[in-house]
Each structure stands twice: as structure tokens, then as C-alpha cells.
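Participant: I have a structure here, written as C-alpha cells, and I will follow up with some questions on it.
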DNA sequence: TCCTCAATAT
DNA sequence: TATATTGAGG
């Protein structure tokens, strides 16, 4: 029995006030490897505080996120690089660097993923029957071994695959002014969506929004379908 | 403030 | 069903 409120968003802080919280949790090293080269600049389309009437980007209720295998893979890669102890929702979200992805999206997914890992630990050693269609998504990406062995990993957890020639110059295109609609809601902020060693998704995936109405429900598909 | 988890809602 | 939301507890 939730009440429907129509103007709850009018009291939310402006985007600029929220930004400072979501930085510096990722080491420069990791940021480079994941090609997040915006250490000191906001990458979000900032909105002039005046016209708050069409600021849909972050204040509006988003459609449900669809975790495609591609998106989940990026999630797993982020967790793998961060190490179990550093893999918390906010940090994962930042490492994934997907526009439109919220901390709650990640938190919810992380919770389920942990349950999945727990089930797999239980089965570790004997039978192999862990996919009940619910786990299909999770089974679509390989689980890094140390996910299942909490103590089988040195203190410095995050191994960082060195990627040759990644000392690229950062892209200087802050030319996006106030856009009424999120630029590329649901796509990796970097053009080439490729992680150094762990993942080799074919070419760059041009993530895009897909508003699907199924059964009257609108969902948000972050990445085009495509199997591993 | 953020994280984690179980329960619950949609 | 898959994901979101809530609320307690740390």
C-alpha cells in the first residue's frame, strides 16, 4: 500500500550536489584499466537548476533494468578486479561505468549474485546442477575461482591485468550541454567496451536503450541481446 | 552514510 | 519471473 506521490522529486538535491560523493573510490590504476578517464570531471549532463521541470535523467523513476549477459559480465569483471572486500555497490557501479546504472541496481544484483555463489559453494565438489533457469544469467559468465574460495586469495586482492598501450590521452569532449534526455542511457561511457584481459567482447557494443513493453511493463535493456 | 540481508512488493 | 523496495541491524 504505497502512496503515489506526484511531486516527490521537487525536493531532491540537484545533480551537482550529488556528484562529489561518487568519486575517488577507484584507484587511478583501476580507472585506467577500465578506461574511466574522468577522474576530475563530471561526466553527467549537468542541468541548469532552473528548469527542473524536464530533468528526467535521475529524478524520474526508471523502468526495470534488464540484466543482459553482457551487462552481467561487466558486473562480474568489476567485482573480480575490485576483489571481494572492495566490491560494494557504489564501487562496482563506478567501475562498471554504465550510464543510467544506479547503486540500487547493483546492490540488488549483487545480493542475488551472492546467493548464487553460496549455492555453488555448496555444490562444489560433487554434482553439477545449479541452473534452474533462474541461474541462467549467472551461469552465462564464468565465476572467477576466488569468488568461491574466500580465503584462497592474498591480501591484495585485485589483480590488475596490465594492458599495453593504455596510457591514452583522455577524450576531451565535454560538449554535451543540457540535454533534455539522457544522452546514451544505458551504455558504457567509453566508446570501446572492452576490458583488458578478462573480457574480450567482440567489437565495441553500441549499447542502447530498448523500451519494451511486455505485458504492460516497460523495461530497460542496456545492451543488445547477444550470446556468449 | 553506506553496506548487507531477508522479506516483501510489483 | 526478475528486479525493486523496504526495513532492520551493523
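Residue numbers (full-length UniProt numbering): 1 to 228. All C-beta atoms, glycine included, are put in the ideal place defined by N, C-alpha and C. Given the structure is predicted, the values throughout are model-derived calculations rather than measurements.
Quick one, which of 122, 91, 118 has its alpha-carbon nearest residue 104's?
Facilitator: Looking at the Cα atoms, 91 is the closest of the given residues.
Participant: If you draw a straight line from the C-alpha of residue 82 to the C-alpha of residue 60, how long is it?
Facilitator: So the two alpha carbons sit approximately 30 angstroms from each other.
Participant: Starting from the C-beta of residue 137, find all residues in its chain whose C-beta is less than 8 angstroms away, skip the five residues before and the five after it, and write them out in chain order.
Facilitator: Cβ neighbours of residue 137 beyond the five flanking positions: 67, 69, 72.
Participant: According to DSSP, what are the bridge partners of residue 230?
Facilitator: Past the edges of the chain, shown from 1 to 228, lies residue 230, and the structure says nothing about it.
Participant: Please classify residue 106: does DSSP put it in a helix, a strand, or coil?
Facilitator: Here residue 106 sits in helix by DSSP.
Participant: What is the C-beta distance between residue 143 and residue 110, in whole angstroms, given that I count them as a contact (C-beta under 8 angstroms)?
Facilitator: In fact, because the Cβ distance is near 14 angstroms, the residues do not count as touching under 8 angstroms.
Participant: Is it true that the CB of residue 107 sits closer than 8 angstroms to the CB of residue 89?
Facilitator: Contact: yes.
Participant: In or out: residue 221 buried (at least 16 other Cβ within 10 Å) or exposed?
Facilitator: Buried is the call here.
Participant: Pick from 85, 145, 119: whose alpha carbon is nearest that of residue 134?
Facilitator: Measuring from the Cα of residue 134, the nearest candidate turns out to be 119.
Participant: Check whether the Cβ of residue 70 sits closer than 7 angstroms to any heavy atom of the ligand ZN, and report yes or no.
Facilitator: The model on display carries no ligand, and the ligand ZN is accordingly not part of it.
Participant: For the alpha helix (DSSP H) that contains residue 146, what are its first and last residues?
Facilitator: It spans 145 to 148 - the alpha helix (DSSP H) in which residue 146 sits, taken as one unbroken run.
Participant: The alpha helix (DSSP H) with residue 137 in it runs from where to where?
Facilitator: It spans 136 to 139 - the alpha helix (DSSP H) in which residue 137 sits, taken as one unbroken run.
Participant: For residue 87, does the three-state DSSP call read helix, strand or coil?
Facilitator: In the structure shown, residue 87 sits in coil (DSSP, three-state: anything other than H, G, I, E or B).
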